[in-house]
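Order-wise, the sequence lines are chains A and B. If you're matching positions, the first sequence starts at 52 in the numbering used here and goes up one per residue. If you're matching positions, the second sequence starts at 5 in the numbering used here and goes up one per residue. To keep things clear, I will list the structure first and then write my remarks on it.
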Amino acid sequence: MLSCRRCGAVLLQNRPDSIPRTAALTLGAFILFAVVNGFPLLILKIGGRETSLTLIEGALELGNHGMWEVVIVVLLTSLVFPALHFLVLLYVLLPLTLGRVLPGAIMGFKMADMVAPWGMIGVYLLGVLVAVVKLADLATVVPGVAAYALGGVLVLGTAAGRALNHEMVWNRIGKSVSCHLLT
Amino acid sequence: MPSAHLTARASGLVRCPTCALVSGTRDGLLCPRCSSSVQRRKPDSLQRTWALTLSAGILYIPANIYPIMTVIKMGYGEPKTIIAGVMALIEANMWPLALIVFIASVIVPLGKIIILLYLLISVQIGLKTHLKERMILYRLMETFGHWSMVDIFLVTMLATLVKTGSWASIEPGMGVTFFGTVVILTLLAAQAFDPRLVWDSAHGHL
Chain A
52 MLSCRRCGAV
62 LLQNRPDSIP
72 RTAALTLGAF
82 ILFAVVNGFP
92 LLILKIGGRE
102 TSLTLIEGAL
112 ELGNHGMWEV
122 VIVVLLTSLV
132 FPALHFLVLL
142 YVLLPLTLGR
152 VLPGAIMGFK
162 MADMVAPWGM
172 IGVYLLGVLV
182 AVVKLADLAT
192 VVPGVAAYAL
202 GGVLVLGTAA
212 GRALNHEMVW
222 NRIGKSVSCH
232 LLT
Chain B
5 MPSAHLTARA
15 SGLVRCPTCA
25 LVSGTRDGLL
35 CPRCSSSVQR
45 RKPDSLQRTW
55 ALTLSAGILY
65 IPANIYPIMT
75 VIKMGYGEPK
85 TIIAGVMALI
95 EANMWPLALI
105 VFIASVIVPL
115 GKIIILLYLL
125 ISVQIGLKTH
135 LKERMILYRL
145 METFGHWSMV
155 DIFLVTMLAT
165 LVKTGSWASI
175 EPGMGVTFFG
185 TVVILTLLAA
195 QAFDPRLVWD
205 SAHGHL
């Protein structure tokens, strides 16, 4: 491990089998994220009636109240950016496990880094938890399949982030640099 | 105290902001490995961070005054602000959750604005102490900054679930837009700030 002498930030860390591991974990996260989008997150039962909520319905709801700017922010942070992050990582990493680099890999990897801080799956999951508690005295609320899947996405996505060795990926997909000053 | 290490900047080297390659590329040219634009310091970092932080600070006021949602029960509407949401959890004896929500929706956004102001002012007056501590504050802010979004997500979920029943409905309020804007602005401000300026200013070359 290599860290900055001045502020202590980690600069470089060896991560074993980084590329296949990150690819596998990201693939798992992506598949689970598809499950999240196909099933209800929360199911509310009152009397004989049931109301459910999916991720996309939740994101679009505030449009009914004319708050489109909020819709855009929620849609991007809870759905578009996480999905895009997993997709571009897979596009770069899966071919790399076979030693291949697809066209646009540099742009893809840049994009993955750019959208990563804006994906907020963990925060969304906390929101689901708070919603269950808040509604508990009004009605029966149960977390749906998507809520558990979202927990899985969070675990696998975080593990993928920990396994990723940026320096190694950049060395494989970037233009070859003759004199490495720090790698 | 500022320590005298040999820095990349003094050696005419630049670190690529995207792929972290350290090279002798001149300011404003492209990184030899990933072709990103390479700059010694984030451009106009102080001005941009000031603008974003002050805007967030101003909008923080309406974000807390206006209700983020109105709970309508049997025709009677009860507007709720962000603080009221935390209070409701405390009254329901949900202490652990109340604490998490209090941290996420009050401490984090307010703390971020205060930390940003402290970083900006300390850099501008050339403060020479607490360099590492200021870096820890910056990293804390980057790590926890987005957790305030929980309120926005919560309102969208509650409004979707509780709308058709005759027993109650939950309507989003104006506070959501203001609060969401505050969160986004503080995230952008943290990104715009270049932590290396802390050392630059302590060494007197800002």
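Backbone N, C-alpha and C fix where the C-beta goes; we use that ideal spot for every residue, glycine too. Nothing here was measured: the structure is a model prediction, and the numbers come from that model.
Residue closest to residue i, alpha-carbon to alpha-carbon, out of the options
| i | options | result |
| --- | --- | --- |
| residue 57 of chain B | B/138, B/118, B/171 and B/133 | B/118 |
| residue 64 of chain A | A/217, A/228, A/168 and A/224 | A/217 |
| residue 163 of chain A | A/136, A/184, A/157 and A/150 | A/136 |
| residue 193 of chain B | B/23, B/48, B/20 and B/131 | B/48 |
| residue 29 of chain B | B/42, B/21 and B/38 | B/42 |
| residue 83 of chain A | A/197, A/151, A/223 and A/215 | A/197 |
| residue 31 of chain B | B/96, B/130 and B/19 | B/19 |
| residue 83 of chain B | B/69, B/94 and B/46 | B/69 |
| residue 104 of chain B | B/33, B/155, B/195 and B/198 | B/155 |
| residue 147 of chain B | B/195, B/167, B/166 and B/163 | B/195 |
| residue 129 of chain A | B/175, B/165, B/204 and B/161 | B/161 |
| residue 111 of chain B | B/17, B/64, B/163 and B/38 | B/64 |
| residue 228 of chain A | B/134, B/12, B/13 and B/38 | B/38 |
| residue 144 of chain A | A/61, A/134 and A/159 | A/159 |
| residue 144 of chain B | A/60, A/56 and A/100 | A/60 |
| residue 192 of chain A | A/96, A/69, A/81 and A/79 | A/96 |
| residue 215 of chain A | A/148, A/169, A/194 and A/195 | A/148 |
Integer-rounded CB distance, given that residue j should sit under 8 Å from residue i
| i | j | result |
| --- | --- | --- |
| residue 211 of chain A | residue 77 of chain A | 5 Å |
| residue 177 of chain B | residue 71 of chain B | 4 Å |
| residue 183 of chain A | residue 151 of chain B | Between residue 151 of chain B and residue 183 of chain A the Cβ distance is about 18 Å, and since that is not below 8 Å, they are no contact. |
| residue 161 of chain A | residue 40 of chain B | 7 Å |
| residue 179 of chain A | residue 126 of chain A | Residue 179 of chain A to residue 126 of chain A, Cβ: 17 Å. No contact. |
| residue 121 of chain A | residue 181 of chain B | 6 Å |
| residue 152 of chain A | residue 223 of chain A | 7 Å |
| residue 202 of chain A | residue 176 of chain A | 6 Å |
| residue 37 of chain A | residue 190 of chain A | This structure gives no information on residue 37 of chain A, because the portion of chain A shown stretches from 52 to 234. |
Residue i versus residue j - alpha carbon distance
| i | j | result |
| --- | --- | --- |
| residue 79 of chain B | residue 73 of chain B | 15 Å |
| residue 188 of chain B | residue 116 of chain B | 12 Å |
| residue 213 of chain A | residue 205 of chain A | 12 Å |
| residue 254 of chain B | residue 44 of chain B | Here chain B comprises residues numbered 5 to 210, so residue 254 of chain B is not present and cannot be evaluated. |
| residue 125 of chain B | residue 124 of chain A | 30 Å |
| residue 154 of chain A | residue 10 of chain B | 39 Å |
| residue 173 of chain B | residue 109 of chain A | 15 Å |
| residue 171 of chain A | residue 157 of chain B | 10 Å |
| residue 15 of chain B | residue 27 of chain B | 10 Å |
| residue 184 of chain B | residue 113 of chain A | 13 Å |
| residue 89 of chain A | residue 55 of chain B | 41 Å |
| residue 207 of chain A | residue 210 of chain B | 42 Å |
| residue 165 of chain A | residue 157 of chain A | 12 Å |
| residue 149 of chain B | residue 181 of chain A | 19 Å |
| residue 105 of chain A | residue 187 of chain A | 19 Å |
| residue 25 of chain B | residue 200 of chain B | 17 Å |
| residue 132 of chain B | residue 99 of chain B | 41 Å |
| residue 202 of chain B | residue 127 of chain B | 6 Å |
| residue 139 of chain B | residue 53 of chain A | 18 Å |
| residue 221 of chain A | residue 35 of chain B | 12 Å |
| residue 66 of chain A | residue 137 of chain B | 28 Å |
| residue 131 of chain A | residue 206 of chain B | 41 Å |
| residue 219 of chain A | residue 200 of chain A | 30 Å |
| residue 71 of chain A | residue 23 of chain B | 20 Å |
| residue 120 of chain B | residue 87 of chain A | 36 Å |
| residue 167 of chain A | residue 61 of chain B | 25 Å |
| residue 166 of chain B | residue 86 of chain B | 19 Å |
| residue 50 of chain B | residue 197 of chain B | 7 Å |
| residue 99 of chain A | residue 142 of chain B | 51 Å |
Proximal residues of chain C, C-beta to C-beta of residue i below 8 Å
| i | result |
| --- | --- |
| residue 98 of chain B | The chain inventory of the structure shown lacks chain C, comprising the protein chains A and B. |
Taking a Cβ distance cut-off of 8 Å, strictly less, list which residues of the region 169–184 of chain B are near chain A, in chain order.
169, 171, 172, 175, 176, 180, 181 and 184
Please name the residues in the region 36–51 of chain B whose beta-carbon is closer than 9 Å to at least one beta-carbon of chain A, in chain order.
So the list reads 36, 37, 38, 39 and 40, given in the order they occur along the chain.
Output the residue ranges of the alpha helix (DSSP H) runs that lie fully inside the region 114–186 of chain A and measure 4 residues or longer, sorted by chain position.
As far as the region 114–186 of chain A is concerned, its whole alpha helix (DSSP H) runs of at least 4 residues are 119–126, 132–148, 156–166 and 172–186.
Scan the region 188–219 of chain A for residues whose Cβ lies nearer than 9 Å to a Cβ of chain B and list them as they occur along the chain.
Of all residues in the region 188–219 of chain A, 188, 189, 190, 192, 217 and 218 have a Cβ within less than 9 Å of some Cβ in chain B.
Pick out the complete alpha helix (DSSP H) segments inside the region 18–103 of chain B, 4 residues or longer, and give them in chain order.
49–69 and 86–95
Beta carbons nearer than 9 Å to chain B: which residues of the region 114–145 of chain A have them?
Legend: CB atoms of the region 114–145 of chain A lying less than 9 Å from CB atoms of chain B belong to residues 115, 116, 118, 120, 121, 122, 124, 125, 128 and 129.
Identify every run of the alpha helix (DSSP H) within the region 83–114 of chain A, keeping only runs that are complete inside it and at least 4 residues long; order them along the chain.
106–112
So if I threshold CB-CB distances at 8 Å, which residues from the region 106–136 of chain B count as touching chain A?
Per Cβ criterion, the list reads 108, 135 and 136.
Taking a Cβ distance cut-off of 9 Å, strictly less, list which residues of the region 146–169 of chain B are near chain A, in chain order.
When CB distances to chain A are screened at a threshold of 9 Å, the residues of the region 146–169 of chain B falling below it are 146, 149, 150, 151, 152, 153, 154, 155, 156, 157, 158, 159, 160, 161, 162, 163, 164, 165, 166, 167, 168 and 169, in chain order.
Proximal residues, the region 76–91 of chain B versus chain A, C-beta separation under 9 Å
Of all residues in the region 76–91 of chain B, 77 and 89 have a Cβ within less than 9 Å of some Cβ in chain A.
Closer than 8 Å, Cβ to any Cβ of chain B: which residues of the region 55–66 of chain A, in chain order?
56, 57, 58, 59, 60 and 62
At a Cβ cut of 7 Å, what residues of the region 10–38 of chain B count as close to chain A, listed as they run along the chain?
17, 22, 23, 24, 25, 26, 27, 36, 37 and 38
Give, in chain order, every unbroken run of the alpha helix (DSSP H) that is at least 4 residues long and sits entirely within the region 111–150 of chain B.
112–128 and 135–148
Taking a Cβ distance cut-off of 8 Å, strictly less, list which residues of the region 86–97 of chain A are near chain B, in chain order.
92, 93, 95 and 97
Any residues in the region 185–204 of chain B with a beta carbon nearer than 7 Å to a beta carbon of chain A? Which ones, in chain order?
Flagged, chain order: 188 and 203.
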